[in-house]
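Chains as they are written, first to last, in full-length UniProt numbering: chain A, 1 to 387; chain B, 1 to 387.
Where a beta carbon is used, it is the ideal one built from N, C-alpha and C, also for glycine.
Being a predicted model, the structure only gives us computed values, none of them experimental.
Each remark here refers to the structure printed beneath this line.
2 protein chains.
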Amino acid sequence: MVAEFDIRPGIQALPASAIVTVANHGRGREGLIPLWFGEGDLATPDFIREAADRAIRDGHVFYTYQRGVPPLREALCAYLGRVHGVPVPVDRITVTTSGMAAIMNAMQMLVDPGDEVAVVSPVWPNVMAAVRVQGGVPVEVPMTLGNQGWVLDLEQLFAACGPRTRAIFVNSPGNPTGWIMPREDMARVMAFARERGLWVISDEVYARLVYDGRTAAPSFLEVADPEDKLIVVNSFSKNWAMTGWRLGWMVTPAALGPVLENLVQFSTSGTPGFIQMAGVAAIEQGEPWVAETVERCRKARDLVCGALAALPRVRIQPAPGAFYAFFQVEGETDSVALATRIIDEALVGLAPGAAFGQGGEGALRLCYASRLDKLEEAMGRLARVLG
Amino acid sequence: MVAEFDIRPGIQALPASAIVTVANHGRGREGLIPLWFGEGDLATPDFIREAADRAIRDGHVFYTYQRGVPPLREALCAYLGRVHGVPVPVDRITVTTSGMAAIMNAMQMLVDPGDEVAVVSPVWPNVMAAVRVQGGVPVEVPMTLGNQGWVLDLEQLFAACGPRTRAIFVNSPGNPTGWIMPREDMARVMAFARERGLWVISDEVYARLVYDGRTAAPSFLEVADPEDKLIVVNSFSKNWAMTGWRLGWMVTPAALGPVLENLVQFSTSGTPGFIQMAGVAAIEQGEPWVAETVERCRKARDLVCGALAALPRVRIQPAPGAFYAFFQVEGETDSVALATRIIDEALVGLAPGAAFGQGGEGALRLCYASRLDKLEEAMGRLARVLG
């Protein structure tokens, strides 16, 4: 009986996340400081939790609209208008059970076996995996780390697009790099995609986590027409400490509405109504929380990047967005081995760079959305191993 | 700009549910009695809602185990042992964000473009759609309605399996028919699948809604070995009035565990922890609720089937399972037109049989999981149109 092999080879071959491999090595160790996952250490704020409780009591527990309840879709339109200055009509919005689900739905719409998606990397591993689930081929376009931080060579991105390319995937602000694509580059990518008939999938989950005083990082919405082949993916996870709620959304051309109505129906049959009502509270009352989160992360980033920069073997540049320090350690080329050693010797949990594709190997990712005293302790421990 | 057509043709071509088409015609009409969807009219019971509230307060709001939190997976093992008398180890259980998501994950594991899945029909439309999302071909095996109710000809099912067939899909108790596959037939199907190297996907969402005094309808788990190519799909929606919570599970060979760990990660990245804790309460404290639900449905079924049988043009047989009356009306061949007319003339919302594939056209589906006085009123109205 070889049931385990009689599934699609591409699904069998999906690589386990190297982050999970490392986390499994460290899980449950007493005193370990876990900074490996992409989530903060604060629970969802009370006003959101109370909105969920209220919605459960009020009976938002039945089947509901596949593309999202009207109050949430309308709140999202207002939010995008407010944050990015772009009017987005409600028929462009689809609520999903996470940013991940939105990306999977995007791939299901676009990628046939053998189709290629050009992916700017280093990037979180699930993006390339979602392409592979469809039998597609992710084509990495690695950025380089210069003295001004991570840089994407647009000519290299465009050269990676061939006859089988269906889409360009950009995650800005980027996980794990914190890189932010300039608006002018977004405009050039959109123009290139338009000319070549390609789709752009833009993962803007970290848009609010920027440290240069802006309200948000640029969005592809700001450089695209409503009918452009653009799918913007977003999530409540990072802005409003809702990682465990599984709530996201996508913005597409309105013409895809009926298709998404079906595709959501056949993928998950929608998102719980009471979770969507919690999302309404997040959008409508959540700006102070976002501002506090950015301030908290800014202090954490200063602490972490400062402490890392003081270690002679470490190469680190504070990134302008997201909530990660992504740093190289001189002489270290095997990031899984290094992350494992750091667990064993320092009781700090970090994500190995190998998880994030080409250009990630040799680096480590540290999520600094955490209490300062915990980070201080972690940095002291790291200094003893990496110093 | 023709963005709307530049997606995979198979996704563009996914048919909208005929149920939704009819519901859109009737939605919002004052006084309409909606019996079109597959959900009861009772909200989730308090002990489940309170468990969710508690879990939200207790901080189950972070990322969690991709295949489900240990307390829920263990509760499900105990449940399956108790209800079906089959020991199921925890490594065979994967929690999903609905039965639908479990079916989609199953299709993602098994179906390449051009692959066929033999589907016993009439069946709820999402099953065939999930095959199509993968580029696969659903091959319907229509049952026939005899004097003893719906009958599946196993020889016909086996004959429908050819060189491209990857799986047999069975939904028993069936939506919309209420048909229950006998255990001996399940054993024969499993043996055939084993011999031919096919998978069996068994949707057992209505297993507890049976009206012959049994605890549950037979499960394929009862006739299969742990290593058989069997995927059993289930959900909290129907048994515990949790349609809007999006919580389901699947039982697979243990060998698929690591694959599902990845596939859940890349599809939805898991199910909210607090919803899973609500599921634990449903399993551990929910038997009285299930018993009450079955009793309530039994009375509703008697009322509805009796009233329908009294109409000379209606052909109805009380089905042994699920919570639908699925009935033909003499001289009516266009079920969408008929359902539309019933909305206009009787203010009752029914699902058109055409939604459920071959053998469904000409019939109507009525969900009787509803208050008796409401059903009585609905039956009076229907009598005036169909009598």
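Linking Trp249/B to Asn105/A through their CA atoms gives a straight-line distance of about 21 angstroms. With a threshold of 16 other beta carbon atoms within 10 Å, Asn126/A meets it and is buried. Cβ neighbours of Ala55/B within its own chain (closer than 6 angstroms, five residues either side excluded): Phe274, Met277.
Annotation for Asp203/A: no alpha helix (DSSP H) segment contains it, though the beta strand (DSSP E) segment containing it runs 199 to 203. In the structure shown, Gly26/B adopts helical secondary structure according to DSSP, grouped into three states.
When DSSP states are grouped into helix, strand and coil, Ser121/A belongs to the strand group.
For Val210/B, same chain residues with a beta-carbon under 8 angstroms away, outside a window of 5 residues either side, are Pro173, Ile180, Ala216, Ala217, Val294, Pro320, Gly321 in chain order. Nearest in C-alpha terms to Ala378/B, of all of Gly40/B, Leu347/B, Pro71/B, is Leu347/B.
Beta-carbon to beta-carbon, Gly349/B and Leu110/B are separated by about 35 angstroms, too far to satisfy the 8 angstroms threshold. DSSP places Glu140/B within a strand segment (E or B) once states are collapsed to three.
At a cut-off of 8 angstroms between beta-carbon atoms, Met379/A makes no contact with chain B. Nearest to His25/A by alpha-carbon distance, out of Glu292/A, Asp185/A, Ala363/A, Ile342/A, is Ile342/A.
DSSP places Ala216/A in the coil class of the three-state scheme, outside both helix and strand.
Contact of Ser267/A with chain B by beta-carbon distance below 8 angstroms involves Met100, Ala101, Met104, Val133, Ser267. For Ser267/B against Gly99/B, the beta-carbon gap comes to about 14 angstroms, at or over 8 angstroms, which does not count as contact.
For the 8 angstroms CB-CB criterion, Gly213/B and Phe62/A do not form a contact.
The closest CA to that of Lys299/B, considering only Arg188/B, Val133/B, Phe323/B, Val223/B, is found on Phe323/B.
Going by DSSP, Trp150/A is part of the beta strand (DSSP E) stretching over 149 to 151.
Put simply, the region 356 to 371 of chain A touches the region 329 to 345 of chain A. At least three CB pairs are less than 8 angstroms apart. The three-state reading of DSSP puts Ser335/B in helix, counting H, G and I together. A residue is called buried once 16 or more other Cβ atoms fall within 10 Å of its Cβ, and Pro272/B is buried on that count. Gln12/A and Val259/B do touch by the CB rule: their CB atoms are close to 6 angstroms apart, below 8 angstroms.
Counting the other CB atoms within 10 Å of its CB gives Asn147/B a total below 16, which places it among the exposed residues. Runs of the beta strand (DSSP E) lying entirely within the region 319 to 371 of chain A, each at least 3 residues long, are 324 to 329, 363 to 367 in chain order. Taking a beta-carbon distance threshold of 8 angstroms, Arg365/A does not count as an interface residue toward chain B. Following the DSSP letters along the chain, one finds Met107/B in no beta strand (DSSP E) but inside the alpha helix (DSSP H) bounded by residues 99 to 110. Shown here, Ala310/B sits in coil according to DSSP, grouped into three states, outside any helix or strand.
Not a single CB atom of chain A sits nearer than 8 angstroms to the CB of Pro70/B.
Cβ proximity to chain B below 8 angstroms picks out Asn126, Ala129, Ala130, Val133, Gly135 from the region 114 to 140 of chain A.
With respect to the 8 angstroms criterion, Ala75/A and Ile283/A are classified as neighbours on the basis of their beta carbons.
Around the beta carbon of Gly81/B, fewer than 16 other beta carbons sit within 10 angstroms, so the residue counts as exposed. The C-beta of Thr144/B has fewer than 16 other C-beta atoms within 10 Å across all chains shown, which makes the residue exposed. Using a CB distance cut-off of 8 angstroms, Lys229/B counts as an interface residue toward chain A.
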